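Structure, as structure tokens:
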Amino acid sequence: MKTIRTIAELRAALAPARRDGRTIGLVPTMGAFHAGHVSLMQRARETTDLVVVSLFVNPTQFAPTEDLSAYPRDEARDAEIAAGAGVDVLFAPPVDELYPDGFQTTVQVGALAEPLEGLQRPGHFDGVATVVTKLLSMVGPDVAFFGQKDVQQALIVRRVVRDLDIPVRIEVCPTVREPDGLAMSSRNAYLPPADRERAVALRRALDVAETAVAAGERDASAVVAAARGAMDPYGVEPEYLALVCADTLAPVDRVNGQVLVALAARVGPARLIDNTLIQTNGRP
Ligand code: AMP
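All letters in the sequence shown, in the order written, are residues 1 to 284 by the working numbering.
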């Protein structure tokens, strides 16, 4: 595996593959790799000829109050994990390579960026959309891989590539979880042991939502109430817990067809998110 720091070097490294008609896969990340990241790398390895992983803690997607400076970083460990997953190129540029002096063009996302994470983190998705657009432009991948855990991000990336006519297929991969159900996240590293135990509340809420719908509940507010109740014993209060349309993220009153249950909660020092897709047969 080759570690590359500049856009010029990256383009030069990918040119032969492109010329030979080999497919390129891109996995954009912010590092601090866990099994969720590795699953994306493995999927890229299985489905494309040359696998590029970008490792860039993107400052423009963090608000001034957020954890940019504290975000876990260990490039040497990440490089070992990526090499072990069969990655060909680790693209780990410094901040001024992506945002040089005078930078002033951004990608602004519409309605999909407004609810859920968008309400809690104003500007976050414009930062994500901008850096992903830049990475897609630098790498020119055939396929880019994203995780279902960040479902709003995945929907927004799909929207951006459609709206800006970027020729790439976006593949969304399932959420990888700890044995107790907690979605793997770089931010889990912030959790002291007592909070780590309470963090399972998010998955329990999703379990209860799924069970309620499986038992025939179709009223969204009843499903939300049951799911919120499941978090009470852990002393975890959701920032949001919502049933929304899986395509538009608009709130739904009734569970009908495919709906998304999305939630975020602060557990001790960490802000965690999770979601599940629920499919009914469409009967009211
Ligand atoms: P991050 O480094 O947190 O920006 O994540 C990089 C990519 O990994 C994103 O597409 C995430 O959605 C994905 N990802 C993060 N956690 C998981 C997980 N537990 N399972 C699957 N994909 C994940």
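By construction, the Cβ of each residue, glycine as well, lies at the ideal position given by its N, Cα and C atoms. Since this is a predicted model, take the numbers as computed values, not measurements.
On the three-state DSSP scale, how would you describe Glu239?
It is a strand residue.
Can you tell which of Ala17, Thr47 and Pro59 has its C-alpha closest to the C-alpha of Gln132?
Checking the sequence shown, residue 132 turns out to be Val, not Gln. If we check each option's Cα against that of Val132, Pro59 comes out closest.
When DSSP labels each residue in this structure, what does Glu9 get in the three-state scheme?
It is helical.
Check Asn188 in the structure and name its three-state DSSP category.
DSSP places Asn188 in helix when its eight states are reduced to three.
Candidates Leu135, Leu272 and Met41: which alpha carbon is nearest Cys173's?
Minimum Cα-Cα distance from Cys173 among the listed residues Leu135, Leu272 and Met41 corresponds to Met41.
Helix, strand or coil, according to DSSP, for Ile24 in the structure here?
If DSSP states are grouped into helix, strand and coil, Ile24 belongs with the strands.
Would the region 64-71 count as touching the region 14-23 if we require 3 or more Cβ pairs under 8 Å?
As far as the Cβ criterion goes, the region 64-71 does not touch the region 14-23, which means the pair count is below three.
Cβ of Ala220 less than 9 Å from any chain C Cβ?
In the structure shown, chain C cannot be found, because there is only a single protein chain.
Chain-ordered list of residues that sit, by beta carbon, closer than 6 Å to a heavy atom of the ligand AMP:
Here the list is Thr29, Met30, Gly36, His37, Ser39, Leu40, Phe146, Gly147, Lys149, Asp150, Cys173, Thr175, Val176, Ala183, Met184, Ser185 and Ser186.
Any idea what DSSP makes of Ile166, helix, strand or coil?
DSSP, reduced to helix, strand and coil, places Ile166 outside both helices and strands of the structure shown, so it counts as coil.
The beta strand (DSSP E) that contains Val109, what's its start and end?
Unbroken run through Val109: none, as it is neither H nor E.
Since Leu285 sits in a beta bridge, which residues does DSSP pair it with?
What is shown of the chain runs 1 to 284, which leaves residue 285 out entirely.
Go ahead and label Phe103 buried or exposed: buried means 16 or more other beta carbons lie within 10 angstroms of its beta carbon, across all protein chains shown.
The residue in question, Phe103, is exposed, as its Cβ has fewer than 16 Cβ neighbours within 10 Å.
On the DSSP bridge assignment, give the partners of Pro251 in chain order.
The partner list for Pro251 (beta bridge, DSSP) reads Val244.
List the residues that DSSP assigns as beta-bridge partners of Asn275.
DSSP lists Ala262 as partners of Asn275.
Following the continuous beta strand (DSSP E) through Phe146, name the residue where it begins and the one where it ends.
It spans Val143 to Gly147 - the beta strand (DSSP E) in which Phe146 sits, taken as one unbroken run.
Selection from Gln61, Gln279 and Pro94 that minimises the alpha carbon distance to Asp153:
Residue identity differs from the one stated: residue 153 is Gln in this sequence, not Asp. Comparing Cα-Cα distances from Gln153 to each of Gln61, Gln279 and Pro94, the minimum goes to Gln61.
Take Phe146 and list the residues in its own chain whose beta-carbon comes closer than 8 Å to its own, dropping the five residues that flank it on each side.
Listed in chain order, the non-local C-beta contacts of Phe146 below 8 Å within the same chain comprise Pro28, Leu40, Gln153, Ala154, Val157, Ile170, Glu171, Val172 and Cys173, local neighbours out to five positions each way being set aside.
Roughly how many whole angstroms lie between the Cα atoms of Gly84 and Arg77?
C-alpha separation (whole angstroms): 11 Å.
Within this structure, are the beta carbons of Ala262 and Ala242 separated by less than 9 Å?
Against a cut-off of 9 Å, the Cβ pair of Ala242 and Ala262 comes out as a contact.
Is DSSP giving Thr280 helix, strand or coil here?
Residue state, collapsed to three classes: coil.
Kindly indicate the opening and closing residues of the alpha helix (DSSP H) around Met138.
Met138 -> alpha helix (DSSP H) spans His124 to Val139.
Less than 9 Å separating the beta-carbons of Asp274 and Thr211?
Result no, Cβ atoms of Asp274 and Thr211 do not sit closer than 9 Å.
Could you tell me which residues DSSP pairs with Thr29 in its beta bridges?
Note: Thr29 sits in a beta bridge opposite Leu55.
Please report the residue range of the alpha helix (DSSP H) in which Ala183 lies.
Per DSSP, Ala183 is not a residue of any alpha helix (DSSP H), being assigned neither H nor E.
Is Arg77 helix, strand or coil by DSSP?
Helix.
Can you check whether the CB of Arg45 is closer than 9 Å to the CB of Gly285?
Only positions 1 to 284 of the chain appear in the structure, and residue 285 is not among them; the question remains open.
Give the secondary structure of Arg218 by DSSP, where H, G and I count as helix, E and B as strand, and everything else as coil.
Coil at Arg218, not helix or strand.
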